[in-house]
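The listed protein sequences derive, respectively, from chains A and B.
Start counting at 1 in the first sequence, then tack on 5, and there's your number in our numbering.
Start counting at 1 in the second sequence, then tack on 5, and there's your number in our numbering.
Think of the CB as a built atom: it goes at the ideal place given N, C-alpha and C, for glycine as much as any other residue.
Given the structure is predicted, the values throughout are model-derived calculations rather than measurements.
A short write-up of the structure that comes next.
2 protein chains.
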Amino acid sequence: MSRRTDILEAAVRVVAQRGIRGLRVEELAQEAGVSTALIYYHFRDRAGVVSSTLEFISTRAEQYTEVDADPEADPRGHLEQTLLRELQDTPMIVENSTAWGELRASAIFQPELREQLRAATARWTDYIDELIRTAQQHGSVPPEVDSGEAAERLTAAIEGLSMRWLSGSLELDRARKLLRGNLIAELGSPGEQR
Amino acid sequence: MSRRTDILEAAVRVVAQRGIRGLRVEELAQEAGVSTALIYYHFRDRAGVVSSTLEFISTRAEQYTEVDADPEADPRGHLEQTLLRELQDTPMIVENSTAWGELRASAIFQPELREQLRAATARWTDYIDELIRTAQQHGSVPPEVDSGEAAERLTAAIEGLSMRWLSGSLELDRARKLLRGNLIAELGSPGEQR
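See the structure below:
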């Protein structure tokens, strides 16, 4: 792995442990075990670190949500697994979701984060929209479902449930059960369509 | 209004503007125009301020979500208005929702906030559960809806949509449209039941 990736992994850890306000170049250098000069070389300044970290969180989520279900043979199963994977008690997912929630909350106070967060949110929603449309073509989601709206509601539901889970207001099993209910409410019972 | 209320209103403003980390007794005294001694008199210490502020935010939300629709004659309309009022561009609702989101995000890093936040979340969810059950008795929500689960999903959806709106990833009109879709997905079309 490259030094750049090492630094970004350390940056997500810092944001997940200490919040975005804890993400300072000196502390990041210490956490990553590199010099501050190397951080400035790769990211120019603190704003560059923050922006690359957001990008990294969003790309990493696309990777860990890769699932077993074959998107060709079972697009609905693939879609459901992709969304349910966001609610899992693995260190990487907890760290990634914590950092994402922290960026979401920080963007309220820090307008400079907003545009990039909006773009990352749209990319996620568009991806889920596409999975819903594939499931519709396959006949496992009813044609009358508005895939764009359903994708926005499902991803917003994950953010809401995930924040409740991470902040101790909701058990993980319950969060996953509720999300399965969201899927049925939005897309109908999988059984009914087949 | 009492001095205590003045202080709590100032505390919500501070949390909404500067985050929970900005809520220090000295700064709060300045914002509220009172002495630090008066704050210590009413709330004992900073933890007491934080805890009473969370309580105040949650109670104030119950007040501003009071709506026109008669809960007896039109419980489904009353329920929908109650939930949609959380997504409105008025200074008090923006301030309250911002502070609530900040407390939610902070509880991930500050375990001492969790128990009270969990209790406030449960109180909100139970209230919505009760409104759904009333609408079921009235025949405007199908009897097979699990009111407890629907209440948890709807309130989590509001948190998710509200954070997207406040952080600039979603327009308010779109957020309200999506929430109306959540209501139909969870509770069926109002027309179908009547």
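Next item on the list: State the start and end residues of the unbroken alpha helix (DSSP H) segment that holds isoleucine 25/A.
Entry: No alpha helix (DSSP H) holds isoleucine 25/A; DSSP gives it neither H nor E.
Check: Skipping 5 residues on each side, what residues in its chain have a beta carbon closer than 7 angstroms to that of alanine 15/A?
Finding: Leu33, Glu36 and Ala37
Checklist line | Sequence-distant residues of the same chain with beta carbon closer than 8 angstroms to leucine 28/A, five excluded per side | finding: Ala16, Val19, Val20, Arg51, Val54, Val55 and Thr58
Check: If you measure beta-carbon to beta-carbon, which residues of the region 121 to 139 of chain B are closer than 7 angstroms to chain A?
Finding: Leu122, Arg123 and Thr126
Next item on the list: Show which residues of chain A have a CB atom less than 9 angstroms away from the CB atom of leucine 88/B.
Entry: Near leucine 88/B there are no residues of chain A at all, since even the closest Cβ is about 13 angstroms away, more than 9 angstroms.
Next item on the list: Just tell me which of Ser40/B, Ala112/B and Gly153/B has its CA closest to the CA of glutamine 22/A.
Entry: Ala112/B
Note to self: Can you give me the C-alpha to C-alpha distance between arginine 128/B and tyrosine 45/B, rounded to a whole angstrom?
What the structure shows: 28 angstroms
Item checked: Where serine 145/B sits in the DSSP three-state scheme -> coil
Margin query: So with CB distances below 9 angstroms, who are the chain A contacts of methionine 97/B?
Written below: What methionine 97/B touches in chain A: nothing, since even the nearest Cβ is about 16 angstroms away.
Item checked: Same chain only: Cβ atoms within 8 angstroms of arginine 169/A, ignoring 5 sequence neighbours per side -> Leu175 and Ala180
Notebook entry, point to check: Going by the CB atoms, is the gap between serine 63/A and glycine 106/A shorter than 8 angstroms?
Noted result: no
Next item on the list: Assign glutamate 154/B to one of two classes, buried (16 or more other C-beta atoms within 10 Å of its C-beta) or exposed (fewer than that).
Entry: buried
Margin query: Can you give me the C-alpha to C-alpha distance between leucine 171/B and arginine 119/A, rounded to a whole angstrom?
Written below: 10 angstroms
Notebook entry, point to check: Hey, out of Gln141/A, Glu157/A, Phe114/A and Ser152/A, whose CA is closest to arginine 26/B's CA?
Noted result: Phe114/A
Next item on the list: Please go through the region 12 to 56 of chain B and give each complete alpha helix (DSSP H) segment of 4 or more residues, from N-terminal end onward.
Entry: 30 to 37 and 41 to 48
Checklist line | Supposed contact pair proline 80/B and serine 7/B - C-beta distance, whole angstroms, cut 8 angstroms | finding: About 34 angstroms; that fails the 8 angstroms criterion.
Next item on the list: Examine the Cβ distances between the region 128 to 144 of chain B and the region 131 to 146 of chain A and report whether three or more of them are shorter than 8 angstroms.
Entry: no
Notebook entry, point to check: Listing by chain order, which chain B residues have their CB less than 9 angstroms from the CB of glutamate 117/A?
Noted result: What glutamate 117/A touches in chain B: nothing, since even the nearest Cβ is about 11 angstroms away.
Notebook entry, point to check: If you drop the 5 nearest sequence neighbours on each side, which residues of the same chain put their C-beta closer than 7 angstroms to that of arginine 90/B?
Noted result: Tyr69, Thr70 and Val72
Check: Name the chain A residues that come within less than 9 angstroms of phenylalanine 61/B, Cβ to Cβ?
Finding: In chain order: nothing, as chain A lies at least about 18 angstroms away.
Notebook entry, point to check: Whose C-alpha, out of Leu177/B, Ala42/B, Glu60/B and Pro195/B, is nearest the C-alpha of glutamine 121/B?
Noted result: Glu60/B
Next item on the list: Could you check the C-alpha separation between aspartate 178/A and threonine 41/A for me, to the nearest Å?
Entry: 42 angstroms
Check: Would you say isoleucine 113/B faces chain A, with C-beta separation under 8 angstroms as the test?
Finding: yes
Next item on the list: Only counting runs of 4 or more residues, tell me where the alpha helix (DSSP H) segments fall wholly within the region 100 to 143 of chain A, in order along the chain.
Entry: 119 to 142
Next item on the list: Would you mind stating whether glycine 165/B and glutamate 85/A have Cβ atoms separated by less than 8 angstroms?
Entry: no
Margin query: Restricting to Cα atoms, I'd like to know which of Leu188/A, Asp151/A, His143/A and Leu13/A is closest to alanine 162/A.
Written below: Leu188/A
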